[in-house]
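Report on the following structure.
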Amino acid sequence: MRAICSIIMILSLVACSHIEGDSRQLFVTIEPYRFVVEAVAGEEWNVRSIVSNGGNPETFDPMPSDLLALASSKAYFMVGGLGFENGWKEKIAELYPHLLLVDTSQGIERDEDDPHVWTSPDNISLIADNICGAMCRIDSLRANYYNKRLMQFKERLFETDSIVESKLQSCKG
Numbered sequence: 174m175r176a177i178c179s180i181i182m183i184l185s186l187v188a189c190s191h192i193e194g195d196s197r198q199l200f201v202t203i204e205p206y207r208f209v210v211e212a213v214a215g216e217e218w219n220v221r222s223i224v225s226n227g228g229n230p231e232t233f234d235p236m237p238s239d240l241l242a243l244a245s246s247k248a249y250f251m252v253g254g255l256g257f258e259n260g261w262k263e264k265i266a267e268l269y270p271h272l273l274l275v276d277t278s279q280g281i282e283r284d285e286d287d288p289h290v291w292t293s294p295d296n297i298s299l300i301a302d303n304i305c306g307a308m309c310r311i312d313s314l315r316a317n318y319y320n321k322r323l324m325q326f327k328e329r330l331f332e333t334d335s336i337v338e339s340k341l342q343s344c345k346g
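To get this note's numbering, take the position in the sequence shown, counting from 1, and add 173.
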């Protein structure tokens, strides 16, 4: 009898941890955004990319399993301006009213011919700001934590940009 109670208790704990794991899930459209969301959100969140590494966002068509996986997510961080995002944003909002949809390109001047807004250090800094703002809405009790991680990310970002800029200047000689 004691063994059965122990097994039931262990299974209950596993089930609860599985639910908690699912509730700490975030989605991004593409892999470069996963890096930024992970940098701001921290290790406690499971960040998944809709378009797998090496996938082509231009020809991407989400699988039903991708859409189903969004049901247990807290937020979906979009690039903003990618064709398929525009096509299914409203459908996602209708299917999952609890899901925070975040257009991370807010505040960025866009070139309509080039959706690659994340390749500029200044733009990725704004994208990180937008991600941090969303994380603070999702989990306001940990806003200081997210803001601290944002500042650490920006320090690394601009330090790296400075190093690259310096190396490029030395090549111009």
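Ideal placement from N, C-alpha and C gives every residue a C-beta, glycine not left out.
Judging by CA-CA distance, which residue of Gln-342, Ile-265, Ala-316, Asp-287 is the nearest neighbour of Ala-242? Restricting attention to Gln-342, Ile-265, Ala-316, Asp-287, the CA atom closest to the CA of Ala-242 is found in Ile-265.
I'd like to know if the stretch 242–255 and the stretch 275–294 are in contact, where contact means that at least 3 CB-CB pairs between them fall below 8 Å. Between the stretch 242–255 and the stretch 275–294 there are three or more inter-stretch CB-CB distances shorter than 8 Å, so the stretches are counted as touching.
Supposed close pair Leu-272, Ala-307 - CB separation, criterion 8 Å: Taking C-beta atoms under 8 Å as the contact rule, Leu-272 and Ala-307 fail to qualify, at a distance of about 11 Å.
Output needed for Trp-291: all residues of its chain with C-beta closer than 8 Å, excluding positions within five of it in sequence on either side, in chain order. Excluding sequence neighbours, Trp-291 sits near Pro-205, Tyr-206, Val-209, Val-252, Ile-297, Ile-300.
My assumption, with CB atoms under 8 Å, is that Gln-198 sits in contact with Ser-245. Please give the rounded CB distance. The pair is a contact, with the Cβ atoms about 6 Å apart (cut-off 8 Å).
For Val-213, which residues in the same chain have their Cβ closer than 8 Å to its Cβ, ignoring the five residues on either side in sequence? Cβ-Cβ distances below 8 Å link Val-213 to Ala-301, Ile-304, Cys-305, Met-308, Tyr-319, Arg-322, Leu-323, Phe-326 in the same chain, with the five nearest sequence neighbours on each side left out; the list follows chain order.
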